[in-house]
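Residue numbers (our numbering): 50 to 512.
All residues carry an ideal CB built from backbone N, CA and C; glycine is no exception.
In this text, all values refer to a predicted model and were calculated from it rather than measured experimentally.
Each remark here refers to the structure printed beneath this line.
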Amino acid sequence: MNEWDYSIFWKEALKHIRDEISEIDNAMWFNNIKYAGSGENKIILSVPSTFYKEQVVQKFNSLIYNKLSELTGSKIDVEFIVTSVKNKSSESRQPENDTLPEKKTGSRFAVKARVNKNNTNLRGDYVFDNFVIGDNNSFAANACIAISKNPGKSYNPCLIYGGVGLGKTHLIQSIGNYISSNNTDTKVMYVTAEQFTNEFIKHVGDNQAYKFKNKYRKVDVLLIDDIHFLEKKKSTQEELFHTFNALYDYDKQMVFTSDRPVSEIKDLTDRLRSRFERGLNVDLQPPSYETRFAILKQKVEAMNIHLADEIIDLICQNITTNVRDLEAALTKLIAYAELLNKKITIEIAKEQLKDVFINPKQGNITIDHIQRVVADFYNLSHNDLRGKKRTKAIAFPRQIAMYITREITEYSTTEVGIEFGGRDHTTVMHACQRIDSKLKSDPNLEPIIQRLIRMSKDNKITS
Ligand code: ADP
Ligand code: MG
């Protein structure tokens, strides 16, 4: 033990501070500050990220300093260190062994599925502190952090685009969580474009469009997720255009996400397109190996689970598509281990994840691409599959294309239906069931579908 030991004073100071600050500040900041060691007239506290450190220093440095000085009767310097995998390379300094931060306790999966108490549309775990910054997302993440600190001032509007599972929803909700926790008077609204559309249609149907307009024009921060969903929805686009103008004129912050650049969203009115393109457009790329590793490591730590680096490496080497796929592999392994109460070894991991590795859900394959592959194979035009015609020669390939889309992408049946001639999601479900049962009765179909899947994943069309 070191000659200087302020751990007891820290415990006492923390008790006092907790009584003085709000519940939100407690939950958001002080639950994650840990005692990490002491030096001559100095206490070292650890926090989980650089972003955290900046915030804590700015908001609470003097409170902590005063409290400690009061309790110890001398002036105590407070030093923050970052102890997280996120900042492994630069900022972090591991504390001495005997002063390691307390071990995390709590139940597994505790980080999952919390909601933000102030805004129940937001998930409490979609916060910047749980977001690992890597080369693929640093520009977008930093823009989002800047927006959160100064809503409406810098980068308005902001559009984040990128393939499925790359963190769009996590980032846009982090903005919402940050702003609503730090500025309780600021009215933050987060919706998906689908919710926005449905709500609009419902209000118009009930002859209450004015209620809808009022609701959205009164917000301070408007966050709309997945605006590619607005493709072809002319009247909702029109409404969003007016909402946009109303908010923009008053410097209200708007952030949107999309699975593709605005220029590639079809049937978007020019004037709405130009609004989206007006501010900052940032993209998210698939994560590099290092970032994938850092992300998995963080998830494992957050769940308080021990998983050998060798196994994390195995997953990261084999799953390169997106973070959602990485998480799915991890969840599968953990579920298996928990069910059988077994320690996860590399052999178990290889065996359990065999299928996932061979046939991962490919995040960034577009429906458009699958349609082209299938149309090409059956000598049809791309538009045939997207159109309304129901002749047998077209209907069957269309069902195959829907089935493949559901097999290898994350699109919902509603999204798939829209891309196939604006069909209802039940039609897509029916198509998938039909192909499923045909696969059982017709042995010739399986190799065809496998080939089409391979071609769709290959990202090229062979004739
Ligand atoms: P998208 O909206 O782009 O499809 P999500 O935001 O839903 O993707 O991300 C999918 C999952 O991956 C979520 O559970 C999210 O928390 C996680 N995730 C994505 N990027 C990161 C990251 N950089 N760090 C930590 N978790 C991430
Ligand atoms: Mg999303």
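### Task
From the DSSP output, in three-state form, read off E359 for me.
Look at E359 here: in three-state DSSP terms it is helix.
### Query
Whose CB is closer than 5 Å to a heavy atom of the ligand ADP? List the residues in chain order.
F180, V181, V213, G214, L215, G216, K217, T218, H219, I344, V372 and R373
### Query
Within this structure, are the beta carbons of L333 and L208 separated by less than 7 Å?
no
### Message
Counting C-beta neighbours from all protein chains within 10 Å, is the total for G225 16 or more, i.e. buried, or is it exposed?
### Response
buried
### Query
Thinking just about the alpha-carbon of each residue, which of L388, M352 and D234 is nearest to the one in N179?
M352
### Query
Would you report the Cα separation of L501 and L363, rounded to the nearest angstrom?
28 Å
### Query
Enumerated in chain order, which unbroken segments of the alpha helix (DSSP H) with a length of 4 residues or greater are wholly contained in the stretch 83-125?
99-121, all fully within the stretch 83-125.
### Query
Between which two residues does the alpha helix (DSSP H) harbouring N390 extend?
Counting along the chain, N390 falls outside any alpha helix (DSSP H), and DSSP gives it neither H nor E.
### Query
Looking at the structure shown, is T27 part of a helix, part of a strand, or coil, going by DSSP?
As shown, the chain starts at 50 and ends at 512. That puts residue 27 outside it, with no answer to give.
### Task
Please go through the same chain and pick out, in chain order, the residues whose beta-carbon is closer than 7 Å to the beta-carbon of Q420, but skip the five residues on each side of it.
H431, L434, R435 and A450
### Query
Near F593, what residues of its chain come up, given a Cβ to Cβ distance below 7 Å and the 5 sequence neighbours on each side ignored?
Nothing in the structure corresponds to residue 593, since the chain is present only between 50 and 512.
### Task
Return the chain-ordered list of same chain residues with a C-beta closer than 8 Å to the C-beta of I498, the five sequence neighbours on each side being excluded.
I449, Y452, I453, I484 and L488
### Query
For I314 versus H277, is the C-beta distance shorter than 7 Å?
Contact: yes.
### Query
Quick one, are the C-beta atoms of A189 and V311 less than 7 Å apart?
no
### Query
How is R172 classed by DSSP in three states: helix, strand or coil?
strand
### Proximity of T340 and G183 at Cβ, strictly below 7 Å
Yes, the pair counts as a contact, with Cβ atoms nearer than the cut-off.
### Query
In three-state terms, what does DSSP make of D274?
If DSSP states are grouped into helix, strand and coil, D274 belongs with the strands.
### For T132, the nearest candidate out of L112, S95 and E396 (CA to CA)
S95
### Query
Any heavy atom of the ligand NAP closer than 6 Å to the CB of E287?
Looking at this structure, you won't find the ligand NAP anywhere; what it does contain is the ligand ADP and the ligand MG.
### Query
How many angstroms separate the CA atom of R172 from the CA atom of G471?
31 Å
### Query
For Q401, which residues from the same chain have a beta carbon less than 7 Å from its beta carbon, with the 5 sequence-adjacent residues on both sides left out?
For Q401, where only same-chain residues beyond five positions count, the Cβ hits under 7 Å are K381, L382 and Y385.
### Query
According to DSSP, what are the bridge partners of S312?
According to DSSP, S312 bridges with nothing at all.
### Task
Determine the burial state of E387: buried for a count of at least 16 other Cβ atoms within 10 Å of its Cβ, exposed for fewer.
Exposed, since its Cβ has fewer than 16 Cβ neighbours within 10 Å.
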